[in-house]
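Working notes, structure below.
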Amino acid sequence: MSDHFDAIVVGAGPSGNACAYVMAKAGLNVLQIDRGEYPGSKNVQGAILYADALERIIPDFRDDAPLERHVIEQRFWMLSEKSHTGAQYRSDEFNEERPNRYTILRAQFDKWFSRQVRAAGAVLITETTVKDLIKDDAGRVIGVITDREGGPIYANAVVLAEGVNGIVGQRAKLRPEIKANHVALAVKETLFLPEETVRERFNLAGEEDGVVIEVLGSVSSGMVGTGFLYTNKESISIGVGCLLSDFAETKIAPYALLDKFKQHPSVAPLLKGAEMKEYVAHLIPEGGYDAIPRLTGDGWLIVGDAGQFVNAVHREGSNLAMTSGRLAAETLIQLRAEGKPVTEATLKLYRDKLADSFVMKDLKKYRKVPRLLEGNRQFFTTYPAVVNKAMQMFLRVDGVDKASKEAAMMRGVAKARGGWWGVVTDIFKMARAWR
Ligand SMILES: Cc1cc2nc3c(=O)[nH]c(=O)nc-3n(C[C@H](O)[C@H](O)[C@H](O)COP(=O)(O)OP(=O)(O)OC[C@H]3O[C@@H](n4cnc5c(N)ncnc54)[C@H](O)[C@@H]3O)c2cc1C
C-alpha cells in the first residue's frame, strides 16, 4: 500500500462513503479508514434514507442497494400517557417509479455503499482506528496515525467523516468537545415480525410500501426529545432520543424510556409478538447551526455528523452527510485539477458550496429552534397533554352540550399556560424560530 494519497477519509458512514466514492470515481488516489469490523458494523440510524442525496452520487442505486420499504405514509403522533392525537399523510404519488424515501438497515446499507466505493477504486482498511493527525511545522495537516503497525500515512487532504463525537478533530485541537445539550442520545431496537404481519398491521397493500411514525409528547417524559417507529421488510425499528444533558439531569434510563414507549397502548398492539433482533444506542448531533465547529483548515475538512449537519426538525441526517461528503469531494477534485494546494483559503470553495446547498440553508433556517425547545419544555409536555385531553372531551358523548365542551376545552388550553397570554407568547416564539 502506498503511504501517500490524494486524500484520506476517516470514517465509512454515509458522509465518508459519499466523499470517497466521488473522489475515487474522478480518479483520485483515496484511502478510507474505518474502525468497524466492516463499514456500518457499529453505525446507527432510524433509518429513513432520502433518495435524492444518494441519487446525485449513484443515480442507479435502486438496482442493487439493500432497501427495505419505500415510504408511502407518514404519521405524526402527539402522545399523552394513554392516547395519541395524530395527523397522517399517505399518497399514491409516493408509489412512483423512483420513490423519494426508503427505510433501510444501516449495517446492510453501509456495507453495500462501501462496496461501491471500493469498486470505484478507493482503498479501504477496516478494524483500524485513526488515533491522531500528523501536522507539519506550519501546523498543516499532512496525514494520519492509526492504531495499526506500519507507521504514519500521508495525504494532501484529510477528510474527517468520523461521526458525531469528532474525537480525531478534538485530539488534533481542530475543534472543541461536543456539549451535552448539543447532542441527543438515542436508543433503538429492531424487532422482527413476519412480512405479512408488518403489512397487515400498517395497512400496506403494496409489497414494498412502508409507513413511518414520528412521535412527540409523553414519549420523552418531559425531556427535549422525540420517538419514532419505522416499518422495514420483516421488522420494525423503534426508538427514542432525548438531549444527553436532559438524561444526565433527570437520571432517566434511556432503555426504560424506550420500554415505556413500547408499552404505550397506541404502540404495543403494533409490536405484539415481535422478537428483538438488535438494541443499539448512539448520539445524534442536534445543536443546529450554532453548534457547527470550524469546518476547514490547512490540509483538512469536516463532513457529515462531525460537522453537526443534522436537521433535527425534519429528522434528516444521512442526506446532509452524503451531500456534504459529495461537496467536499467535488472541492478536492477541483483543487487538484487546478493544481492548487488544500488550504484554509482554497477550501473556501467547500464552505461556499455548503452555504449554497440545502445543508446550510436549512440549518440556518432552524437556527433558533434548538434553544427554543430547550427553554420551552411545554412543547413536549403541556401541549401534547392538553391536545389529547381536548380530543377526549370533544369526542366523548356524555350528555354535556357542545358549547359547554368547547368552552371547557378553551379554558383547559389557557389554564395550562397560565392564561391566554402564555399561549400567544408560545405561538409567537415558535413562529419566530421557524422563520
Ligand atoms: C437513532 C438514530 C436515528 C436516526 N435516524 C435517521 C433517519 O431516519 N434519517 C436520516 O437521514 N438520519 C438519521 N439519523 C442520523 C444519521 O444516522 C447520521 O446523520 C449519519 O449516520 C451521519 O453519517 P456520518 O457518515 O457523518 O457518520 P456515521 O454514520 O456516524 O459514520 C462515522 C464512521 O466513522 C467511523 N469512525 C469514527 N471514528 C473513527 C476513527 N477514529 N477511526 C476510524 N473510523 C472512525 C465509524 O466507525 C463510522 O463508520 C439517525 C441517527 C440515529 C442515532
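In numbering that gives the first Met the number 0, the protein residues as written are 0 to 434. For each residue, glycine too, the CB sits at the ideal point set by N, CA and C.
Below 8 Å on the Cβ atoms is my contact criterion, and I expect A389 with M408 to pass it. Report the Cβ-Cβ distance as a whole number of Å.
4 Å
When the Cα atoms are used, what is the spatial distance from T189 to I235?
6 Å
Using the beta-carbon count (16 or more within 10 Å), is G150 buried or exposed?
exposed
Given L243 as reference, the closest of K232, T230, E36, T225 once Cα atoms are compared:
In this structure, T225 is the residue among K232, T230, E36, T225 with its C-alpha nearest to the C-alpha of L243.
Name the DSSP bridge partner or partners of N310?
E315
Compare the beta carbon distance of A46 and R105 with 8 Å and say whether it is the shorter of the two.
Yes, they are a contact pair.
Any idea which residues DSSP pairs K134 with across the strands?
In the DSSP secondary-structure assignment, K134 is bridged to V140.
M275 classed as buried or exposed, judged by whether at least 16 other C-beta atoms fall within 10 angstroms
exposed
Secondary structure at Y278, three-state DSSP: helix, strand or coil?
strand
Looking at the strands, I want to know which residues DSSP matches up with L184.
Residue pairing from DSSP places L184 in a beta bridge opposite C241, L282.
When DSSP labels each residue in this structure, what does D63 get in the three-state scheme?
coil
Looking only at its own chain, which residues have a Cβ that is under 8 Å from the Cβ of G35, when we skip the five neighbours before and after it?
A11, K41, N42, T125, E126
From A415, F427, M321, pick the residue whose C-alpha is nearest to that of D51; which is it?
M321
Can you list, in chain order, the residues of its chain whose CB lies under 8 Å from that of Q391, leaving out five sequence neighbours each side?
S82
L123, enclosing beta strand (DSSP E) - first and last residue
122-124
Is V167 a contact residue of ligand 1, with contact defined as CB to any heavy atom under 7 Å?
In this structure, V167 has its beta carbon less than 7 Å from a heavy atom of ligand 1.
Between the alpha carbons of R314 and F227, how many angstroms are there, rounded?
A direct Cα-to-Cα measurement between R314 and F227 gives close to 10 Å.
Give the DSSP-derived three-state secondary structure of F4 in the structure shown.
The answer is strand: DSSP assigns F4 an E or B state.
Extent of the continuous beta strand (DSSP E) to which D208 belongs:
208-216
On a Cα-Cα basis, can you pick out the residue from D91, A156, S403, N94 that is closest to G296?
A156
Proximity below 8 Å, CB of V186 to CB of Y254:
Cβ distance < 8 Å, so V186 and Y254 count as in contact.
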